[in-house]
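Colleague: Take this structure first; my questions come after.
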Amino acid sequence: MMATVPTEYGMVLAAVLFCTGLVGLLVRRNVLFMLMSTEIMLNAAGLAFVVAGSRWHEPDGQIMFMIIVTMAGAEVAVGLALIMRFYHLFKTLDTDAADTLKG
Amino acid sequence: MLQLLWTVPALPLLGFALLALFGRRLPRAGVSVIGAGSVGLSAVASGLVAWGYITQTVPAAYSQCLWTWMEVGSLKVDMILWLDPISLVMILVATGVGFLIHVYSTEYMRDDADYARFFAYMNLFVGAMVVLVLAGSLPMLYLGWEGVGLCSYLLIGFWYDNADNARAAVKAFLVTRIGDIGMLIGLFVLWFSLGTLDIQPLMERAQLQWTPNSAVAVAATALLLCGALGKSGQLPLQVWLPDAMAGPTPVSALIHAATMVAAGVYLLARTHVLFDLAPAVQCVVAVIGAATLLLAGTSALAQRDIKRALAYSTISQLGYMFLALGVGAWSAALFHFMTHAFFKALLFMAAGAVILAMHHEQDMFNMGGLRRRLPLVFWTFLAGAMSLAALPLVTAGFYSKDMILWSVLSSPKGGFLLWAAGVVGAFLTGLYSFRIVFLVFFGEEKGHASAKPGPAMMIPLVLLAVLALGAGFVEIPETLGRVALFSSFMGVHAAEASAVLGEGTQQVLAALLALGGLAAAVVLYLLRPGIVKAWVATPSGAALQRLCASGWGFDALYGMLIIRPVVALSSLCRDDFMAVVWRAVGICAEGAAAGLGRAQTGRLRFYMAGIALGAVVVLALVVLL
């Protein structure tokens, strides 16, 4: 039997990753870095799935991770295209410049 | 042949559907072919149906049930077409004259940007009119009734860029709606009283269950009459028809002269059994008809606009039809409807040719001498004017008007006074119709007439001119040799008549008065135009002229009695208690919107923080509670 990493460690790592991503999303103004932060958050969620799956000896967690990776790939494709348009439109990557929908 | 009946309304409706869906993408020639062709095929179908009807071994009404429209409790309304002599004459006129007017329109509307929309509306109108006259039940008749009203509204306001046209359309819609509400309540009364709305069972049950002049008979027929008065432009709802001339001229010819405005006449003829059971209402119909024909006849004398003059003339001729309906002579009313459709459509279309040649000039005092410029238009207009003025022996209008006048004089429901109104009206008709002829086609040339109309406009004019002169020979009175094709087809047989004057005497009197009107027009508008000018210059003459020109001031009267009080009342009610309550709702909504609008900073990171905070709060609630 292989030595296993305790579940708590994996979950704490996932939480730390998620918070890193969230803080990055909130403090960074460069849209490219915001996109990268969302990727970190997605991976944090994926890690939590995998750890939970190994805790219960179920393959579902790994299946969910595959789905998350696929979804993240698609999201990056769309996100990068949007960033291209964003840059063409505003000549900057600062999201705070794009406040034309102000109420 | 009779099985083809359903195609008569279906073809124009199909044409409408095609033009409404694909009209913008079709070339003009395609629009013309679909627009005029669908009505033409429909006219051919009605011709075949008529042939099938006449050659039946046993003449009987034919009905065709298409489908059940609705079934609620004991109310069952079928889409059922009912063909009898009355509806046969109506569909022949609606599709036949309709086809000629469509052909005319292909040239008249040639340069209009909304060519396809025009023909779509026109096809929808013909379809709705045919549904109206073929309806076997009153709800279906009401469907067609509102359908033609809608097309009338759409086509009066066809050139909606001009606010006046849109206003005229709204006026026509609202005024006829007043009558239609009465008619709708009349349908409810009939349903509660007799328990059916199919026309033929309705007539049978009414004869069995109603006593003459009972309250329910008077109420139901009076309410039906309301609808007819609105649709046919009779007193007191006649004010919309002169303004309806804002639409294109073919519309005036088809809808506001030949077919739709006669729908009221058709309704009363269709339900004449009910009206026979309410002689009091019949008397009202006759009096309204007589009053309207005199009022509109005098108004027509003072108009400057050629189309308004013809519109008042239409109201006046519809007054004759109501007069005939009021004395129970519904077949005479239908006969006059038929000849009137021919000559009034002709007059409007010839007037349209004149207006087009004069570059959209409609004031008759700016025309003149067009006899030499537009000879064929002149001769066809003259044929129509002669028929309108009922010049004796040679015109269709003479035979139909004579039939009405003789019925009025000889019927026990008529009488000398109503007849006298009719013959005075005949004098006025002769005067105003030849006033138009002399002002437009005689005298010195004013303005500059451009090129002559082409064959698509002239051929319908010539065909209608032949009908306007010749269509009367299907019904010739006894004194002149007795032909009774029309009334025997309608299943009406001449009753023994007794009157203060003999039939021949009254004919001679009426003919003399019509000729007198012509003679007066010759003197006043051709030989000595100075007399009228001098008289109008005097104060009393000028006042009378203003009164007639405004159609006896009904617009001003309604403005004072109805519109101003309603406007005053509504502005008074603007600040009442309930308005404050409703306004509070608005103020709260606006305040909330302003507050929540603050949260819409447009900054992405702010929204992200909101989402994260919300997620934390929800998680905290889940964990802690």
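Residue numbers (the working numbering), protein chains in the order written: chain E, 1 to 103; chain C, 104 to 728. Even for Gly, the Cβ is constructed at its ideal location relative to N, Cα and C. On a predicted model such as this, the values are computed, not experimentally measured, just so you know.
Tell me, please, which residues DSSP counts as bridged to T171 (chain C).
Modeller: Position 68 of the second sequence, counted from the start, is the residue given in the question as residue 171 (chain C). T171 (chain C) is bridged to C:D181.
Colleague: From what residue to what residue does the alpha helix (DSSP H) around K102 (chain E) run?
Modeller: Counting from 1 along the first sequence, the entry for residue 102 (chain E) is found at position 102. Careful: K102 (chain E) lies outside any alpha helix (DSSP H) and carries neither H nor E.
Colleague: Under 9 Å, CB to CB, which of the residues in the stretch 9 to 42 of chain E have a partner in chain C?
Modeller: Per Cβ criterion, the list reads L22, L25, L26, V27, R28, R29, V31 and M34.
Colleague: Within the same chain, show all residues whose beta-carbon is closer than 6 Å to that of M173 (chain C), passing over the 5 residues directly before and after it, in chain order.
Modeller: For this step, residue 173 (chain C) is matched to residue 70 along the second sequence. Excluding sequence neighbours, M173 (chain C) sits near V180.
Colleague: Quick one: what does DSSP say D96 (chain E) is sitting in, helix, strand or coil?
Modeller: Position 96 of the first sequence, counted from the first residue, corresponds to residue 96 (chain E). The answer is helix: DSSP assigns D96 (chain E) an H, G or I state.
Colleague: Taking only beta-carbon atoms, is M212 (chain C) less than 8 Å away from chain E?
Modeller: Residue numbering aside, residue 212 (chain C) sits at position 109 when the second sequence is read from its first letter. False, the Cβ-Cβ gap to chain E never drops below 8 Å.
Colleague: At a Cβ threshold of 8 Å, is A712 (chain C) touching chain E?
Modeller: One-based indexing of the second sequence puts residue 712 (chain C) at position 609. Answer yes: the Cβ-Cβ gap between A712 (chain C) and chain E drops below 8 Å somewhere.
Colleague: Below 8 Å between beta carbons: does that hold for A488 (chain C) and S536 (chain C)?
Modeller: The residue labelled residue 488 (chain C) in the question sits at position 385 within the second sequence. The residue labelled residue 536 (chain C) in the question sits at position 433 within the second sequence. Closer than 8 Å, so yes.
Colleague: Counting only beta-carbon separations shorter than 8 Å, does A695 (chain C) have a partner in chain E?
Modeller: Looking up residue 695 (chain C) in the second sequence gives position 592. No, A695 (chain C) does not count as interfacial toward chain E.
Colleague: Would you mind working out which of C:D466, C:A460, C:S208 and C:D679 sits nearest L479 (chain C), comparing C-alpha positions?
Modeller: Looking up residue 479 (chain C) in the second sequence gives position 376. The residue with the shortest Cα to Cα distance from L479 (chain C) is C:A460.
Colleague: Counting only C-beta atoms, is L93 (chain E) closer than 8 Å to chain C at any point?
Modeller: Sequence index remark: in the first sequence, residue 93 (chain E) carries index 93 (1-based). Closer than 8 Å: no.
Colleague: Whose Cβ in chain E lies nearer than 7 Å to the Cβ of T704 (chain C)?
Modeller: By 1-based counting over the second sequence, the position of residue 704 (chain C) is 601. The answer, in chain order, is D99 and K102.
Colleague: For M182 (chain C), count the other beta carbons within 10 Å of its own beta carbon; 16 or more makes it buried, fewer makes it exposed. Which is it?
Modeller: In the second sequence, residue 182 (chain C) corresponds to position 79, counting from 1. Classification for M182 (chain C): buried.
Colleague: Starting from the C-beta of A435 (chain C), find all residues in its chain whose C-beta is less than 6 Å away, skip the five residues before and the five after it, and write them out in chain order.
Modeller: As a working note, residue 435 (chain C) is residue 332 in the second sequence. For A435 (chain C), where only same-chain residues beyond five positions count, the Cβ hits under 6 Å are A427, M506, I507 and S510.
Colleague: Can you have a look at H57 (chain E) and say buried or exposed, based on whether 16 or more other CB atoms are within 10 angstroms of its CB?
Modeller: Locating residue 57 (chain E) in the first sequence gives position 57, counting from the first residue. Exposed is the call here.
Colleague: With C-beta atoms as the reference, is G250 (chain C) less than 8 Å away from D283 (chain C)?
Modeller: On the second sequence, position 147 is the one that residue 250 (chain C) refers to. On the second sequence, position 180 is the one that residue 283 (chain C) refers to. In this structure, D283 (chain C) does not lie closer than 8 Å to G250 (chain C) by Cβ.
Colleague: Using C-beta distances below 7 Å, list every residue in its chain close to A197 (chain C), excluding the 5 sequence neighbours before and after it, in chain order.
Modeller: As a first step, residue 197 (chain C) must be located in the second sequence, where it is residue number 94. So the list reads V229, M232, V233, V236 and T362, once near-sequence residues are dropped.
Colleague: If I'm right that Y423 (chain C) touches G525 (chain C) with Cβ under 8 Å, what's the distance once you round it to whole angstroms?
Modeller: What you label residue 423 (chain C) is simply residue 320 of the second sequence in a count that begins at 1. What you label residue 525 (chain C) is simply residue 422 of the second sequence in a count that begins at 1. Confirmed, Cβ separation roughly 7 Å.
Colleague: Quick test of the definition: if touching needs 3 or more C-beta pairs under 8 Å, does the stretch 261 to 279 of chain C touch the stretch 336 to 343 of chain C?
Modeller: Enough Cβ pairs lie closer than 8 Å, so yes.
Colleague: Would you please verify whether the beta carbon of L660 (chain C) is less than 8 Å from any beta carbon of chain E?
Modeller: Taking the first residue of the second sequence as position 1, residue 660 (chain C) is located at position 557. So no, L660 (chain C) is outside the interface.
Colleague: Give a yes or no on whether 8 Å exceeds the smallest Cβ distance from A356 (chain C) to chain E.
Modeller: Taking the first residue of the second sequence as position 1, residue 356 (chain C) is located at position 253. Chain E contact via Cβ: absent.
Colleague: How about the stretch 644 to 651 of chain C and the stretch 398 to 416 of chain C: do they share at least three Cβ pairs that are nearer than 8 Å?
Modeller: Yes, they touch.
Colleague: Spatial neighbours of F18 (chain E) within its chain, please: C-beta separation below 6 Å, excluding the five flanking residues on both sides.
Modeller: Here residue 18 (chain E) refers to the residue found at position 18 when the first sequence is read from its first residue. Closer than 6 Å at the Cβ level, and outside the excluded window around F18 (chain E), lie M41 and A44.
Colleague: Give a yes or no on whether the minimum CB-CB distance between L707 (chain C) and chain E is below 8 Å.
Modeller: Here residue 707 (chain C) corresponds to residue number 604 of the second sequence, with the count starting at 1. By this cut-off, L707 (chain C) is an interface position.
Colleague: I'd like to know whether the C-beta atoms of S503 (chain C) and G431 (chain C) end up nearer to each other than 8 Å.
Modeller: Translated into the one-based positions of the second sequence, residue 503 (chain C) becomes position 400. Translated into the one-based positions of the second sequence, residue 431 (chain C) becomes position 328. Not a contact, by the Cβ cut-off of 8 Å.
Colleague: Could you tell me whether the Cβ of A454 (chain C) comes closer than 8 Å to any Cβ of chain E?
Modeller: Mapped onto the second sequence, residue 454 (chain C) falls at position 351. No - not a single Cβ of chain E is within 8 Å of the one on A454 (chain C).
Colleague: Taking DSSP as the reference, what is the three-state secondary structure of E210 (chain C)?
Modeller: If you number the second sequence from 1, residue 210 (chain C) lands on position 107. Looking at E210 (chain C) - three-state DSSP - the assignment turns out to be helix.
Colleague: Quick check on L186 (chain C): does DSSP put it in helix, strand or coil?
Modeller: Start at 1 with the first residue of the second sequence, and residue 186 (chain C) comes out as number 83. In this structure, L186 (chain C) counts as strand in the three-state DSSP scheme.
Colleague: Taking the alpha helix (DSSP H) that H88 (chain E) falls in, what are its first and last residues?
Modeller: One-based indexing of the first sequence puts residue 88 (chain E) at position 88. Per DSSP, H88 (chain E) belongs to the alpha helix (DSSP H) from D60 to F90.
Colleague: Can you give the beta carbon distance from F541 (chain C) to Y628 (chain C), rounded, assuming they're within the 8 Å contact cut?
Modeller: By one-based count along the second sequence, residue 541 (chain C) stands at place 438. By one-based count along the second sequence, residue 628 (chain C) stands at place 525. About 4 Å; that satisfies the 8 Å criterion.
Colleague: Rounded to whole angstroms, what is the Cα-Cα separation between Q106 (chain C) and T160 (chain C)?
Modeller: Mapped onto the second sequence, residue 106 (chain C) falls at position 3. Mapped onto the second sequence, residue 160 (chain C) falls at position 57. If you take the alpha carbons of Q106 (chain C) and T160 (chain C), they lie about 16 Å apart.
Colleague: Quick one: give me the first and last residue of the alpha helix (DSSP H) that H439 (chain C) is part of.
Modeller: Locating residue 439 (chain C) in the second sequence gives position 336, counting from the first residue. Unbroken alpha helix (DSSP H) run through H439 (chain C): W433 to A460.
Colleague: Is it buried or exposed for N226 (chain C), if we count other Cβ within 10 angstroms and need 16 for buried?
Modeller: Here residue 226 (chain C) refers to the residue found at position 123 of the second sequence. With 16 or more other Cβ atoms within 10 Å, it is buried.
Colleague: Could you tell me which of C:T532, C:T299, C:A412 and C:N469 sits nearest to V175 (chain C), measuring between CA atoms?
Modeller: Counting from one through the second sequence, the residue named residue 175 (chain C) turns up at place 72. The shortest C-alpha separation from V175 (chain C) is found at C:T299.
Colleague: A715 (chain C) versus chain E: which residues are under 9 Å apart at the beta carbon?
Modeller: Your numbering for residue 715 (chain C) matches position 612 in the second sequence. The answer, in chain order, is L22, L25 and L26.
Colleague: Between which residues of its own chain and M1 (chain E) is the CB-CB distance below 7 Å, once the five residues before and five after are set aside?
Modeller: Reading the first sequence from its first residue, position 1 is the one you call residue 1 (chain E). Note that M1 (chain E) scores a pLDDT of 46, beneath 50, so its modelled location is shaky and nothing firm can be said.
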